[in-house]
Amino acid sequence: MSRAPIAAFRGLGVAVPSQVVTNDDLSKSLDTSDQWIVERTGIRERRVARADESLTQLTTEASRMALARAGMSAAELDAIVVATVTPDRRMPSQACDLQAALGANRAAAFDIIAACPGFVFAAGVAEGLIASGSYKNVLILGAERLSTITDWQDRSTAVLFGDGAGAAVLTPATGDGRGILSTYLKSDGRLAELLYIPAGGGMNPLTAENVNDRGQYMKMAGREVFKAAVRAMGEACDEALRRAGVTAEEIELFVPHQANLRIIEATAKHSNIPMSKVMVNVERYGNTSAASIPLALAQAEEEGRLKPGMLILLVAFGAGFTWGATVVRW
Ligand code: COA
């Protein structure tokens, strides 16, 4: 059932590394081609952070932009939630490093691990914090340096991923109808090993042997992930629309996770949303996991395709498996 929004998006910010890596660049070191990558994925290039370009730098730049657009200072933040699977270090959280860089000294700061739908999960967490009444101004981020967990010798994954960061400020809804209308978050941990990193956790710590076996990098069963993504994103769209009490025809802009153009097209088709209403920028950035939706939202805003008051649908799927969708009156 539809309800009045509790939390609303106030400002968006993004940052990407300056280094562009094209499909032709990759084909110099991998047995692949621009044609294969474009046909199977729609990706033409991606951003890859240099060794000295940290996630803290990217998230700080994205956050400053989001705060400026929200007309807010870092000192006014009550919470910072960073969705990432690639923090700069295992401890403390990426959110704490970001908090220090921003000087957001009043905020509670923590990370969530939800892989590609991380931004959608973070928005749901922010909505819950705001609903509790104890938090007003919440900064959320979807931010990744996937290049650090990508096996650059594995052509079946290396061509897919990229780096980037996106931030948004959420505040209590003001009663003008704008804000999050529904959130649907879901997971199925039984399917974890279709997309995962074998080594580096407590049960399989890094050793010379498993590093030699490249166990510190992502492994993926591409075809199974593809099928599961199409099924789960379709289900999430249906459920988020139902919970918001709106129809797919009412959606003015659809912003799906940018993993693969074919997955995006199949999801749009499932929901009966014409491609003219779908934001696509996978060709520029590849799959940036949790950063992909904010990067697409920011580009849509820049291009004048996303305006205040528009009804939008966000959906994503990723490792876990995790998936989710949200309907927002922007
Ligand atoms: N360049 C050239 N050939 C490649 C290649 C590459 N980068 N990667 C794989 N291939 C080859 C395979 O080795 C295989 O060759 P074979 O038939 O001789 O065995 C052939 O291409 C087909 O491989 P397959 O895996 O069946 O291709 P596909 O059509 O399923 O496309 C993906 C592969 C990875 C693009 C696709 O499965 C996909 O997008 N999956 C979802 C990935 C994803 O989005 N993950 C993140 C979710 S958040």
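Numbering-wise (the numbering used here), the sequence shown opens with residue 19 and increments by one. We treat Cβ as the ideally placed atom computed from N, Cα and C, and that holds for glycine. Keep in mind it's a predicted model, so treat the numbers as computed, not measured.
Could you compute how far the alpha carbon of residue i sits from the alpha carbon of residue j?
i      : j      : result
GLY146 : ALA125 : 16 Å
LEU53  : GLN37  : Reading the sequence as shown, one finds Gln at residue 53 and not Leu. When rounded, the distance between both Cα atoms is 22 Å.
GLN276 : THR189 : 26 Å
LEU212 : LEU85  : 37 Å
THR40  : ALA314 : 19 Å
LEU331 : ALA250 : 15 Å
ASP70  : PRO35  : 11 Å
ASN305 : ASP115 : 24 Å
GLN117 : ALA132 : 20 Å
GLU268 : ALA343 : 16 Å
ASP106 : THR192 : 36 Å
PRO135 : ARG302 : 19 Å
ILE281 : GLU227 : 36 Å
ALA77  : ALA127 : At residue 77 the sequence reads Thr, which differs from the Ala that was named. The alpha-carbon atoms of THR77 and ALA127 are separated by roughly 13 Å.
ILE98  : GLN112 : 10 Å
ASN290 : ALA246 : 19 Å
GLY322 : LEU329 : 14 Å
MET238 : GLY220 : 21 Å
TRP348 : ASP49  : 43 Å
VAL100 : SER72  : 14 Å
MET297 : VAL273 : 5 Å
VAL56  : GLU283 : 14 Å
MET19  : PRO312 : Per-residue confidence for MET19 stands at a pLDDT of 49, beneath the threshold of 50, marking its modelled position as unreliable; the derived number appears in the next sentence. If you take the alpha carbons of MET19 and PRO312, they lie about 26 Å apart.
THR74  : VAL156 : 18 Å
GLY338 : GLU257 : 19 Å
GLU94  : ALA122 : 7 Å
Please determine whether the Cβ atom of residue i lies at a distance below 7 Å from any heavy atom of the ligand COA.
i      : result
ASN290 : no
MET238 : yes
ARG347 : no
ARG241 : yes
ALA247 : yes
SER47  : no
CYS134 : yes
ASN278 : yes
THR50  : yes
THR167 : Looking at the sequence provided, one finds Ile at residue 167 rather than Thr. No; taking the cut-off as 7 Å, the Cβ of ILE167 has no heavy atom of the ligand COA nearer than that.
VAL177 : yes
ARG173 : yes
GLY336 : yes
THR59  : yes
LEU213 : yes
ILE282 : no
TRP54  : yes
PHE244 : yes
Please tell me whether residue i and residue j are closer than 8 Å, where the distance is taken between their beta carbons.
i      : j      : result
GLY142 : GLU162 : no
ILE198 : ALA25  : yes
ALA210 : GLY29  : no
ALA88  : ALA33  : no
VAL248 : THR285 : yes
ASN278 : THR59  : yes
VAL2   : SER310 : Nothing can be reported for residue 2: it is not among the residues displayed for the chain, which extend from 19 to 348.
ALA92  : LEU120 : yes
ALA18  : GLY233 : Past the edges of the chain, shown from 19 to 348, lies residue 18, and the structure says nothing about it.
ARG65  : GLY31  : no
GLY252 : HIS288 : yes
GLY160 : ALA316 : no
Taking residue i as the reference, give the member of the options with the closest Cα.
i      : options                        : result
THR168 : PRO135, ASP206, TYR214, ILE158 : TYR214
ARG241 : THR175, TRP170, SER294, ALA133 : THR175
ASP43  : ALA26, ILE61, VAL34, VAL32     : ILE61
ASP231 : GLN317, LYS287, ARG260, GLN171 : GLN171
VAL346 : GLY195, ALA118, GLY180         : GLY195
ASP46  : ARG68, ARG173, PHE137, VAL229  : The sequence shown places Lys at residue 46, rather than the Asp named in the question. Out of ARG68, ARG173, PHE137, VAL229, ARG173 has the C-alpha closest to the C-alpha of LYS46.
ARG21  : SER200, ARG87, ALA88, VAL32    : SER200
ALA67  : LEU259, SER165, SER111, ILE281 : SER165
PHE139 : ASN123, ILE158, ALA127         : ILE158
THR340 : LEU178, ALA318, VAL243         : VAL243
LYS154 : ASP96, LYS237, ASP206, VAL298  : ASP96
MET293 : VAL103, ARG82, LEU271, ALA308  : LEU271
ALA318 : MET238, VAL300, GLY219         : VAL300
TYR235 : PHE179, ALA258, LEU259         : PHE179
SER205 : ALA334, PHE27, GLU63           : ALA334
ALA149 : PRO23, LEU259, LYS295          : PRO23
Sorry if obvious, but does the Cβ on residue i come closer than 7 Å to a heavy atom of the ligand FAD?
i      : result
ASN305 : With respect to the ligand FAD, the structure offers nothing, as its ligand set consists of the ligand COA.
Discussion item. For a minimum of 4 consecutive residues, which ranges assigned as the alpha helix (DSSP H) are wholly contained in the segment 253 to 296?
Written reply: As far as the segment 253 to 296 is concerned, its whole alpha helix (DSSP H) runs of at least 4 residues are 279 to 288.
Discussion item. Runs of 3 residues minimum, wholly inside the segment 28 to 85: which ones carry the beta strand (DSSP E) assignment?
Written reply: Correct list: 38 to 40, 63 to 65.
Item to complete: Return the chain-ordered ranges of every alpha helix (DSSP H) run that is complete within the segment 93 to 175 and spans a minimum of 4 residues.
Response: If we require 4 residues or more, the alpha helix (DSSP H) runs fully inside the segment 93 to 175 come out as 112 to 120, 136 to 149.
Worksheet item: Going along the chain, which unbroken runs of the alpha helix (DSSP H) with 4 or more residues stay wholly within the segment 222 to 254?
Response: As summarised for the segment 222 to 254, the continuous alpha helix (DSSP H) elements at least 4 residues long and confined to that stretch are 226 to 230, given in chain order.
Worksheet item: What are the uninterrupted segments assigned as beta strand (DSSP E) that are 3 or more residues long and contained completely in the segment 175 to 221, given in chain order?
Response: You should have 181 to 190, 197 to 205.
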